[in-house]
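Peer 1:
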Amino acid sequence: MAIIWVIVDKYIPLTKEVLWETYYNLTQSTTLIGRAFIDVWLRWDAVHYMNIARFGYQGVGVADTVFFPLYPYLVGGIFRLTNINVTLIGILVSSIATFFALVFLYELVMELFKDKDLAKYSTICLAFYPTGFFLHAPYTDALFLALSIGSILFMVKKRPIIAGLFGCAAGLTRAQGILLLIPMIVMLIQNFFTTKKNLNWKEFVGIILTILGFAGYSYWRMQSGLDNFFTSYQTLSKAGFRFPLTNLFLGFKILINNQSLMLASELFSVLFFLVMLIWMATNQKFKNQIAILAYSFSTWLLITSKTTYFASPLQSANRYVLHIFFVFVGMGELIKKLSPEKKKIFFFICLILSLLLLSLYPFWVFIG
Numbered sequence: 003m004a005i006i007w008v009i010v011d012k013y014i015p016l017t018k019e020v021l022w023e024t025y026y027n028l029t030q031s032t033t034l035i036g037r038a039f040i041d042v043w044l045r046w047d048a049v050h051y052m053n054i055a056r057f058g059y060q061g062v063g064v065a066d067t068v069f070f071p072l073y074p075y076l077v078g079g080i081f082r083l084t085n086i087n088v089t090l091i092g093i094l095v096s097s098i099a100t101f102f103a104l105v106f107l108y109e110l111v112m113e114l115f116k117d118k119d120l121a122k123y124s125t126i127c128l129a130f131y132p133t134g135f136f137l138h139a140p141y142t143d144a145l146f147l148a149l150s151i152g153s154i155l156f157m158v159k160k161r162p163i164i165a166g167l168f169g170c171a172a173g174l175t176r177a178q179g180i181l182l183l184i185p186m187i188v189m190l191i192q193n194f195f196t197t198k199k200n201l202n203w204k205e206f207v208g209i210i211l212t213i214l215g216f217a218g219y220s221y222w223r224m225q226s227g228l229d230n231f232f233t234s235y236q237t238l239s240k241a242g243f244r245f246p247l248t249n250l251f252l253g254f255k256i257l258i259n260n261q262s263l264m265l266a267s268e269l270f271s272v273l274f275f276l277v278m279l280i281w282m283a284t285n286q287k288f289k290n291q292i293a294i295l296a297y298s299f300s301t302w303l304l305i306t307s308k309t310t311y312f313a314s315p316l317q318s319a320n321r322y323v324l325h326i327f328f329v330f331v332g333m334g335e336l337i338k339k340l341s342p343e344k345k346k347i348f349f350f351i352c353l354i355l356s357l358l359l360l361s362l363y364p365f366w367v368f369i370g
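Letter by letter, the sequence shown follows residues 3 to 370 of my numbering.
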């Protein structure tokens, strides 16, 4: 992206509209290097998150209150301590969170399957997925992924309070953090039928903590005189939710009448992840992981039910599927059985696709 921007920088007209779309209330970098390596990441939601990080909710429009606080306030807190460029901090926080997400995924696979090859290829598949570069962008995805995998890892380790703390933080990062209640409750039910022991106080605290993230954000909205999250999301973001198969049907209908490479890729993403989840749910190795599969299917349903009324019915699906991390474990199982030559071809294709998508991102093409 930096190379592309060095080439095109002088041709981009610096109109008020372009500057507003790119920076909002932020200041443009004064050097070409700064614009090529830092500002180039400021696209779409990244602009809003970095403005909240820099100015807080009080310094942005009411529509930006639908963005959850943990990531931008973490970035903003580091900015105030260091006075380093806020977008650069956002990129670094996301990259560090990505590192922890990969470590947690590796540890989770080892905890569940005791299979080093599977753990290795699962983390590689996540890292090399063509839209995986979003995990380094100043978005919430990397932090949410690290927190959600961490929460489930500690559920598996039977550390409910730590799992709940991770779940609480996830709920302060993205709305779907509340879905972490699903694997927690499923695991507790499984544990009850296995051990015949009732819920203990630590498990109860874990459940409460998992709820507190989203509940705390909702309480803040109420105290601030704002509408509840779902009402604001519909009115301010022009988005809503409908039955998942409706979005798939509309996507195919639009694609037939008006061919779109982006819509085709979004449809492929959600269908590919659905096929993988169904395969994993019927595969001897994975089908007993009911709690994580339930979380994965619920995340898929959420992704495919969200709709933005002025855009593709599956807008952002290419990025959101990264949250269904258990699919990368299934991919790792398939990849580890390939010959070395086929593995190289697979990852080469992933790299090429990633580079193609990266080349579109600086030009405000909505690839995720």
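Glycine included, each C-beta is placed from N, C-alpha and C at the ideal position.
Here the structure is a predicted model, which is why all the values come from computation and not from measurement.
Alpha carbon to alpha carbon, what distance is there between aspartate 41 and tyrosine 141?
Peer 2: Distance between the alpha carbons of tyrosine 141 and aspartate 41 is about 14 Å.
Peer 1: Should glutamine 382 be labelled buried (16 or more other beta-carbon atoms within 10 Å of its own) or exposed?
Peer 2: Absent from the structure is residue 382, since the part of the chain shown begins at 3 and ends at 370.
Peer 1: In chain order, what residues of the same chain lie with their CB nearer than 7 Å to the CB of valine 188, ignoring the 5 residues before and after it?
Peer 2: Excluding positions up to five away in sequence, the list reads Ile292, Ala293, Ala296.
Peer 1: Name the residue from Leu355, Lys160, Asn249, Trp46 whose alpha carbon lies nearest to the alpha carbon of lysine 308.
Peer 2: Minimum Cα distance to lysine 308 is reached at Asn249.
Peer 1: Give me the residue from Ala129, Phe270, Met157 with the minimum Cα distance to valine 331.
Peer 2: For valine 331, the nearest C-alpha among the options comes from Ala129.
Peer 1: Just confirm the distance between the C-beta atoms of phenylalanine 70 and threonine 175, as a whole number of angstroms; I'd bet it's less than 8 Å.
Peer 2: The Cβ separation is near 6 Å, so the contact holds.
Peer 1: Near leucine 149, which residues of its chain fall below 7 Å by C-beta distance, leaving aside the five closest residues on each side in sequence?
Peer 2: Answer for leucine 149: Phe168, Ala171, Ala172, Thr175, listed in chain order.
Peer 1: My understanding is that leucine 324 touches leucine 147, with C-beta atoms under 8 Å, so please give their C-beta distance in whole angstroms.
Peer 2: 6 Å between Cβ atoms; contact.
Peer 1: Among all the DSSP beta bridges, which residues are the ones paired with lysine 308?
Peer 2: The partner list for lysine 308 (beta bridge, DSSP) reads Phe243.
Peer 1: Are the segment 102-120 and the segment 202-218 touching, with three or more C-beta to C-beta distances below 8 Å?
Peer 2: As far as the Cβ criterion goes, the segment 102-120 does not touch the segment 202-218, which means the pair count is below three.
Peer 1: Between the Cα of valine 158 and those of Leu358, Ile369, Leu273, Gly208, spot the shortest distance and give me the residue it belongs to.
Peer 2: Selected option, being the one with the closest Cα: Gly208.
Peer 1: From glutamate 343 to cysteine 352, what distance separates their C-alpha atoms?
Peer 2: For glutamate 343 and cysteine 352, the distance between alpha carbons rounds to 14 Å.
Peer 1: Run the CB neighbour count on proline 246, radius 10 Å, all protein chains shown included, and call it buried at 16 or more, exposed below.
Peer 2: Looking at its Cβ environment, which holds 16 or more other Cβ atoms inside 10 Å, proline 246 is buried.
Peer 1: Going by DSSP in three states, glycine 370 sits in which element: helix, strand or coil?
Peer 2: Correct three-state label for glycine 370: coil.
Peer 1: Rounded C-beta distance between phenylalanine 349 and methionine 264? I'm assuming under 8 Å.
Peer 2: Phenylalanine 349 to methionine 264, Cβ: 23 Å. No contact.
Peer 1: In the DSSP assignment, find the alpha helix (DSSP H) that holds glutamine 178 and state where it starts and stops.
Peer 2: Premise fails: glutamine 178 is in no alpha helix (DSSP H) and is neither H nor E.
Peer 1: Which class does proline 185 belong to by DSSP, given the choice of helix, strand or coil?
Peer 2: In the structure shown, proline 185 sits in a helix (DSSP, three-state: H, G or I).
Peer 1: Locate the alpha helix (DSSP H) running through alanine 139, then write down its first and last residues.
Peer 2: Neither: alanine 139 is in no alpha helix (DSSP H) and is coded neither H nor E.
Peer 1: Distance check for glycine 92 and alanine 38, CA to CA, integer angstroms please.
Peer 2: When rounded, the distance between both Cα atoms is 15 Å.
Peer 1: Measuring only the C-alpha atoms, how far is isoleucine 164 from alanine 65?
Peer 2: Each residue's alpha carbon lies about 33 Å from the other.
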